[in-house]
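The opening position of the sequence shown corresponds to residue 29 in the numbering used here, with each subsequent residue numbered one higher.
This report concerns only the one structure given below.
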Amino acid sequence: MNKIVIIGGGIAGLSAGIFAQKNGFDSVILEKHHTLGGECTGWDRQGYHIDGCIHWLVGTKEGTPLRNLWDTVGALDGVEIYHPESFMAVEHGDVTVHFYRDIERLKSSWLEISPEDKDIIEEFCIDIKRLHSFSMPAGKPMDMMNIIEKAKLMLSMKDAGMIMKKYGKVTFKAFSDRFKHPALKMAIYSFMPDGDYSVSSIIFALGMFTGDQSSIPIGGSKAMAQRMIERYTSLGGTIEPSCEVVDLDIKGDRVQKIKCKNGKIFEGDFIIAACDANTLYERLLNGKYSDPRFQKRFKNSKVYPLASNIYVGIGYEGTMEDIPRTLKFPVESIDIKQNKKPIEHLQMTHYAYEPDFAPQGHTVITFAINQFQDELEVWEALYKDKEAYNNEKKRIGEAVIKTMEKRFPHMVGKLKLLDVASPQTYEHYCNAYRGAFMGFWPTLSGKPLQHTGRIKGLKNMVLSGQWLQPPGGLPIAVITGKDTIMRLRKKLN
Ligand SMILES: Cc1cc2nc3c(=O)[nH]c(=O)nc-3n(C[C@H](O)[C@H](O)[C@H](O)COP(=O)(O)OP(=O)(O)OC[C@H]3O[C@@H](n4cnc5c(N)ncnc54)[C@H](O)[C@@H]3O)c2cc1C
Numbered sequence: 029m030n031k032i033v034i035i036g037g038g039i040a041g042l043s044a045g046i047f048a049q050k051n052g053f054d055s056v057i058l059e060k061h062h063t064l065g066g067e068c069t070g071w072d073r074q075g076y077h078i079d080g081c082i083h084w085l086v087g088t089k090e091g092t093p094l095r096n097l098w099d100t101v102g103a104l105d106g107v108e109i110y111h112p113e114s115f116m117a118v119e120h121g122d123v124t125v126h127f128y129r130d131i132e133r134l135k136s137s138w139l140e141i142s143p144e145d146k147d148i149i150e151e152f153c154i155d156i157k158r159l160h161s162f163s164m165p166a167g168k169p170m171d172m173m174n175i176i177e178k179a180k181l182m183l184s185m186k187d188a189g190m191i192m193k194k195y196g197k198v199t200f201k202a203f204s205d206r207f208k209h210p211a212l213k214m215a216i217y218s219f220m221p222d223g224d225y226s227v228s229s230i231i232f233a234l235g236m237f238t239g240d241q242s243s244i245p246i247g248g249s250k251a252m253a254q255r256m257i258e259r260y261t262s263l264g265g266t267i268e269p270s271c272e273v274v275d276l277d278i279k280g281d282r283v284q285k286i287k288c289k290n291g292k293i294f295e296g297d298f299i300i301a302a303c304d305a306n307t308l309y310e311r312l313l314n315g316k317y318s319d320p321r322f323q324k325r326f327k328n329s330k331v332y333p334l335a336s337n338i339y340v341g342i343g344y345e346g347t348m349e350d351i352p353r354t355l356k357f358p359v360e361s362i363d364i365k366q367n368k369k370p371i372e373h374l375q376m377t378h379y380a381y382e383p384d385f386a387p388q389g390h391t392v393i394t395f396a397i398n399q400f401q402d403e404l405e406v407w408e409a410l411y412k413d414k415e416a417y418n419n420e421k422k423r424i425g426e427a428v429i430k431t432m433e434k435r436f437p438h439m440v441g442k443l444k445l446l447d448v449a450s451p452q453t454y455e456h457y458c459n460a461y462r463g464a465f466m467g468f469w470p471t472l473s474g475k476p477l478q479h480t481g482r483i484k485g486l487k488n489m490v491l492s493g494q495w496l497q498p499p500g501g502l503p504i505a506v507i508t509g510k511d512t513i514m515r516l517r518k519k520l521n
């Protein structure tokens, strides 16, 4: 029986492990952290549970290829799915703009706000709706398809291609400028106020959401990862937690030995690196097997930016059912020194629909503040002085609470800072390069990467995971884990 060693127990590593076991391989997953799941995780603080990942899971709709894949890996089997009525609500002055799941309701609520924007509102809704015909493909990878299968795939992606053509080169700013009403302008613009990020990302997100293809599994991210761990071990897979791979013994074109920080050594016929791409190329392969497509991207952060987060967890002594699950509200002054430009909005998500995440009568709330290249460099420098780093996190958390109290005066004295994660947190726990939570962010000038994971010069090792294809995230992690095993099976006939 062929033995596969998988480096990294995130969603990609677990998916590869499950498909390896299902296909008659003998596999082991080596994971740096003491628990598996990677960035798909959550953590407990002071009686609350902070969900660290799933805001939206694409592939929750029954009968779609991606849903079938999630079920196969045990992620959603028998799990209740929560369908929030709005993707987000954005406050501007005394107007609240809702991105409703029901696209007709979205349209009528926007028309009510701004009848003079009728043409652009209707066009926006038609284009979002066009994506209802699109399901993320989760069958064979493209490189394994014959010509007929490729033609069928292209046909099924006709509408998605049309949307990319129309919006792929349009920035959030340019698109928001097409609206006359300041609140509607701001609702679009505030997603990505700076940079040349393509507005197509939000059109796709809304297409998936309003087409009922993305929702939230009850129990959250950690529970979902746990179900996949159980599926993997029930199929006979072995897990090695707290087992960080630090060195590879390479002879000729083969990896012979995998050496871990805890002294353990593993050997396998095949090795799947389901860890961060930069960790693989730079740390484990010491820059000797560089891939020009990745190098080009890592070197040009303007065209291929990475995004991370400051992620603030707050416990609220009260309930919030009457407040939209995800709400963005304007802030006058929040002092985040890392950001060159002042932050104009804060985005909060509350978990009132998850009673087990907080003590009875309380609610857990998270805030995600995007961090890009310049900010990431500031965090890297700050991390060298642990005391200053911890003080800065605390200061940001307290500033968020003050802002929250200003927006919701009835919450004064009832908000408790639970935790602040920074880009360095993701780097520390997951070896995530620059704390990135997805692959390269789509910009107008960047070309999407499509990679099979092959490492030139190595015959028995491949890369898998969120870095291989856009748009990254959990769907790409689960798909690429499966694809890696499909390619391996083909290689072995
Ligand atoms: C705050 C936040 C919110 C997010 N929200 C969403 C969302 O709403 N929807 C969505 O689809 N996606 C979301 N994502 C993205 C999603 O979490 C990731 O895209 C996905 O989990 C990546 O999976 P992966 O297996 O490819 O990589 P990872 O999760 O990074 O897994 C890699 C694993 O490898 C391990 N590892 C690294 N180096 C080594 C080594 N040398 N030895 C052993 N193990 C190693 C790491 O510890 C980690 O467990 C979010 C991420 C974050 C951080």
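Glycine included, every Cβ here is placed at the ideal spot set by N, Cα and C.
Note that the coordinates shown come from a computational prediction; the quantities given were computed from them, not determined experimentally.
Simplified DSSP state of residue 482, which is helix, strand or coil: strand
How about residue 126 and residue 137: are their beta carbons less than 7 Å apart? Result yes, Cβ atoms of residue 126 and residue 137 sit closer than 7 Å.
Same chain, Cβ closer than 7 Å to residue 513, neighbours up to 5 away in sequence not counted: 44, 47, 48, 51
For residue 425 and residue 106, I'd like the C-alpha separation in whole angstroms. Answer to the nearest angstrom: the Cα atoms are 37 Å apart.
Residue 169: buried (16+ other C-beta within 10 angstroms of its C-beta) or exposed? buried
Roughly how far, in whole angstroms, is the beta-carbon of residue 380 from the beta-carbon of residue 391, given that I think they are within contact range, below 8 Å? 5 Å
Bounding residues of the beta strand (DSSP E) (the contiguous stretch that carries residue 391): 391-399
Residues near residue 293 in its chain [Cβ-Cβ closer than 8 Å; skip 5 each side]: Within the same chain, residue 293 has close Cβ partners 285, 286, 287.
Could you give the residue range of the beta strand (DSSP E) that holds residue 200? Unbroken run through residue 200 is the alpha helix (DSSP H), 200-204; no beta strand (DSSP E).
As a quick exercise: from 344, 417, 406, pick the residue whose alpha carbon is nearest that of residue 388. Comparing Cα positions, the closest option is 344.
Taking three-plus beta-carbon pairs below 8 Å as touching, is the stretch 177-194 in contact with the stretch 252-266? Cβ pair count under 8 Å is below three, so no.
According to the Cβ coordinates, are residue 70 and residue 79 closer than 7 Å? With contacts defined by Cβ atoms closer than 7 Å, residue 70 and residue 79 form a contacting pair.
Can you give me the start and stop residues for the alpha helix (DSSP H) that residue 464 sits inside? It is not in any alpha helix (DSSP H) - residue 464 carries neither H nor E in the DSSP assignment.
Cβ atoms of residue 405 and residue 269: under 7 Å apart, would you say? no
Inter-residue spacing [alpha-carbon to alpha-carbon] between residue 384 and residue 100: 26 Å
Pairing CB atoms from the stretch 231-251 with CB atoms from the stretch 409-423, are three or more of them under 8 Å? No contact exists between the stretch 231-251 and the stretch 409-423.
So for residue 289, helix, strand or coil by DSSP? The DSSP-derived three-state label of residue 289 is coil.
Taking one C-beta from the stretch 294-309 and one from the stretch 30-44 each time, how about it: are there three or more such pairs within less than 8 Å? By the criterion of at least three beta-carbon pairs nearer than 8 Å, the stretch 294-309 is in contact with the stretch 30-44.
Less than 6 Å separating the Cβ of residue 491 from some heavy atom of ligand 1? Between ligand 1 and the CB of residue 491, the shortest heavy atom gap is not smaller than 6 Å.
Nearest CA to the CA of residue 230: which residue from 372, 90, 157? Considering only alpha carbons, the answer is 157.
Quick one: does the C-beta of residue 82 sit closer than 6 Å to a heavy atom of ligand 1? yes
Can you tell me whether residue 337 sits near ligand 3, meaning its C-beta is under 6 Å from at least one heavy atom of the ligand? Among the ligands in the structure shown, ligand 3 does not appear; only ligand 1 can be found there.
Report whether the distance from the Cβ of residue 394 to the nearest heavy atom of ligand 1 is below 6 Å. no
Taking the beta strand (DSSP E) that residue 245 belongs to, which residues open and close that run? Segment 242-245, the beta strand (DSSP E) holding residue 245.
Going by DSSP in three states, residue 491 sits in which element: helix, strand or coil? strand
Okay, do the stretch 212-223 and the stretch 453-468 touch, 3+ Cβ pairs below 8 Å being the bar? no
Cα-Cα separation between residue 352 and residue 39, rounded to whole angstroms: 29 Å
Could you check the C-alpha separation between residue 116 and residue 354 for me, to the nearest Å? 5 Å
Look up residue 160 in the DSSP assignment and say whether it is helix, strand or coil. helix
Going by the C-beta, is residue 91 closer than 6 Å to any heavy atom of ligand 1? Incorrect: residue 91 has no Cβ contact closer than 6 Å to ligand 1.
Got a sec: is the Cβ-Cβ distance from residue 286 to anything in chain C below 7 Å? The question asks about chain C, but that chain is absent: this structure has only one protein chain.
Buried or exposed by the 16-neighbour rule on C-beta atoms within 10 Å, applied to residue 274: Residue 274 counts as exposed, since fewer than 16 other C-beta atoms from the protein chains shown sit within 10 angstroms of its C-beta.
Could I get the ranges of all uninterrupted alpha helix (DSSP H) runs contained in the stretch 101-176, with 4 residues as the minimum, in chain order? Qualifying alpha helix (DSSP H) stretches, in chain order: 131-141, 146-158.
Based on the DSSP output, what are the partners of residue 35 in its beta bridges? 58, 301
Distance between residue 91 and residue 432 (C-alpha atoms, nearest Å): 41 Å
Are at least three pairs of beta-carbons, each pair with one atom in the stretch 488-499 and one in the stretch 237-255, less than 8 Å apart? no
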